[in-house]
Amino acid sequence: MRIGLVSPYAWTVPGGVNSHVMSLVRHLERSGNDVFVIAPAGDLRRSQTVIPTNFISAGRPMPVPANGSVAYVNGSFFMLGKMSRILEPLKLDVVHVHEPNIPAVGAAATMMAKAPVVGTFHAAGAVSAFYERWRPLAERIMASITLNIVVSETARQTVISHFPGDYRVIPNGIEIERYVAARAGQKVPGRVLFIGRPEPRKGLPALLEAFQGLRRRLPNASLVLAGPTPEELQAFADRGRRSPDRELTGITALGRVSHEAKIKEMSEAQVLCAPSNGGESFGIILVEAMAAGLPVVASDIPGYRAVLAEGAAGLLTPPDSPAALEGALFTILQSPELRADLTASGMERAERYSWDRLVGQVVEAYEDAIVMGPRVVRERPVPALAQAIHFARIWSRALTRPRERETRPEVQS
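Quick note: the sequence shown, position 173, residue 172 per numbering that gives the first Met the number 0, numbers continuous.
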């Protein structure tokens, strides 16, 4: 098959959706498919991100605030014409668009594709305001999708409340073999690992406060942060509810790390902590940790609860509760038997999310979409200038709405 994979997020900025797409590319190409990746991109020459062989840039991205995060997307008003010029010569059999409702790359690819479109929805959380503001565009996009996929039941509940229909649940996957080496690592007693972006919704303030209490109970405890820089760590500490000590004793902030460095940190830690407050539809970092043989302590939110089998494969704590987080970390660090049990159940659980198993489900969705054929939405063509003015008006109204009503979907989990 000739397959087009479309991401609305900047390929040069690491994120969960793009990691998902890159792993899918590798497995589809191993089966002999021709795969083309279309996404916004910054300067590819300076990027440390792996660039697919058949990568097509959909313009330069810009930062947009979204659900306590920042998404790098291309918001060009003229993306429909650009996307048509990208897709036409590729002669694709199927176009797989991730987050098709996000303007402008995902939305344009969905509406301009001549081949059947498979849409995958990753978002979780209350997105009522987002869908209300973009409702006419969203309806047009949804009508263009041949077959819908969601990455979790949480994501399905999010989209189905606005657009009822059939959605196949195909979870995010990982390449298990990339994490096996971490299982034989030399563990550092008392080592806690956090992997994530330095954003409030990732729960870092609660973790910093919990760690201060943990250090008083376990003086040898240490915390490694992969993602936040030392400057970002200090900023979070200064905003804490109990102002941790200025030296942040026992904490190391590594900043953004490579995949190899992440595996090394997983091999040395005794537990991974994922204290997110919400907005997570899945939690791929939990699966990676389980595949690496690393026990997990995570917030008890729907996306994480599903991945950890309701707590059978990891410890769950109430979100934004430093005391509960401290207690769970202390318990797991003090109990070799508990760590061994969670390691065994986690590695078994991680096998469910192996791309070797999941890629067949994705290919089956492609084949079904091809049989069903493209969804043709007949509308009168809109001149480019009128289109740009229309989107500018919508964007202007969205920006002038009261900020307290702003609720947008989770991006790049």
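The beta carbon of each residue, even a glycine, is placed where N, CA and C say it ideally should be.
Beta strand (DSSP E) segment containing residue i, residue limits
| i | result |
| --- | --- |
| T316 | 314–316 |
| G254 | 250–254 |
| D355 | From DSSP, D355 is part of no beta strand (DSSP E) but of the alpha helix (DSSP H) over 354–371. |
| L207 | Premise fails: L207 lies in the alpha helix (DSSP H), 203–216, not in any beta strand (DSSP E). |
| H97 | 93–97 |
| W1 | First, the amino acid is wrong: residue 1 is Arg here, not Trp. Run containing R1: 1–5, per the beta strand (DSSP E) assignment. |
| V286 | Premise fails: V286 lies in the alpha helix (DSSP H), 283–290, not in any beta strand (DSSP E). |
| L86 | Per DSSP, L86 belongs to no beta strand (DSSP E); it is in the alpha helix (DSSP H), 78–86. |
| L89 | Premise fails: L89 is in no beta strand (DSSP E) and is neither H nor E. |
| R219 | What sits at residue 219 in the sequence shown is Asn, not Arg. Looking at the DSSP string, N219 is not in any beta strand (DSSP E), and its letter there is neither H nor E. |
| A433 | Here the chain has residues from 0 to 412 only, and residue 433 is not among them. |
| D33 | 33–38 |
| N53 | Run containing N53: none; DSSP gives neither H nor E here. |
| I194 | 190–194 |
| N147 | 146–149 |
Residue range of the unbroken alpha helix (DSSP H) whose run includes residue i
| i | result |
| --- | --- |
| S344 | 335–349 |
| N17 | 15–29 |
| D237 | 229–237 |
| A137 | 134–142 |
| I159 | 152–159 |
| S266 | 258–267 |
Neighbourhood of residue i by C-beta distance below 7 Å, restricted to the same chain and skipping five residues each side
| i | result |
| --- | --- |
| S143 | T109, M110, V116, R374, V376 |
| M78 | A103, V104, A107 |
| I140 | P99, N100, A106, T109, M110 |
| G164 | N147 |
| T342 | G292, P294 |
| A311 | S344 |
| T447 | Because the chain here runs from 0 to 412, residue 447 falls outside it and cannot be looked at. |
Three-state secondary structure assigned by DSSP to residue i
| i | result |
| --- | --- |
| A112 | coil |
| V104 | helix |
| R59 | coil |
| L328 | helix |
| R374 | coil |
| Y303 | helix |
| A180 | helix |
| I169 | coil |
| L271 | strand |
| L293 | coil |
| A322 | helix |
| L247 | coil |
| S242 | Note that S242 scores a pLDDT of 48, beneath 50, so its modelled location is shaky and nothing firm can be said. |
Counted within 10 angstroms of its Cβ, other Cβ atoms place residue i as buried (16 or more) or exposed
| i | result |
| --- | --- |
| L429 | The structure shown has nothing for residue 429, since the chain only spans 0 to 412. |
| R216 | exposed |
| L4 | buried |
| H19 | buried |
| R348 | buried |
| A44 | In the sequence as displayed, the identity of residue 44 is Arg instead of Ala. Label assigned to R44: exposed. |
| H26 | buried |
| S151 | buried |
| M61 | exposed |
| A252 | buried |
| N17 | buried |
| K90 | exposed |
| E259 | exposed |
| V358 | buried |
| P13 | buried |
| V158 | buried |
| G31 | exposed |
Heavy atom of the ligand GTP within 6 Å of residue i beta-carbon
| i | result |
| --- | --- |
| G164 | Ligands are entirely absent from the displayed structure, and the ligand GTP is therefore not among its contents. |
Neighbourhood of residue i by C-beta, 6 Å cutoff - its chain only, sequence neighbours within 5 removed
| i | result |
| --- | --- |
| I101 | P7 |
| V149 | F120, R155, Y166, V168 |
| P321 | A205, E208, A209 |
| R214 | A220, G249 |
| G254 | T228 |
| N276 | R200, G202, P318, D319 |
Whole-number beta carbon distance between residue j and residue i, since they are thought to touch under 8 Å
| i | j | result |
| --- | --- | --- |
| S83 | G58 | Not quite, the Cβ-Cβ distance comes to about 14 Å (not below 8 Å), so this is no contact. |
| F193 | A225 | 7 Å |
| S22 | G172 | 6 Å |
| Y365 | V93 | 5 Å |
Same chain, Cβ closer than 8 Å to residue i, neighbours up to 5 away in sequence not counted
| i | result |
| --- | --- |
| L285 | L271, A273, V295, A297, Y303, V306, L307, G313 |
| D33 | M0, R1, I2, N53 |
| Y367 | According to the sequence displayed, residue 367 carries Asp and not Tyr. Once the five neighbours on either side are set aside, the close Cβ partners of D367 are L146. |
| K81 | A57, G58, S75, A107 |
| V49 | M21 |
| G189 | L217, N219, A220, S221, Q269, L332 |
| E230 | none |
Closer than 7 Å to chain D by CB, residue i
| i | result |
| --- | --- |
| I369 | The structure shown contains no chain D; it is built from a single protein chain. |
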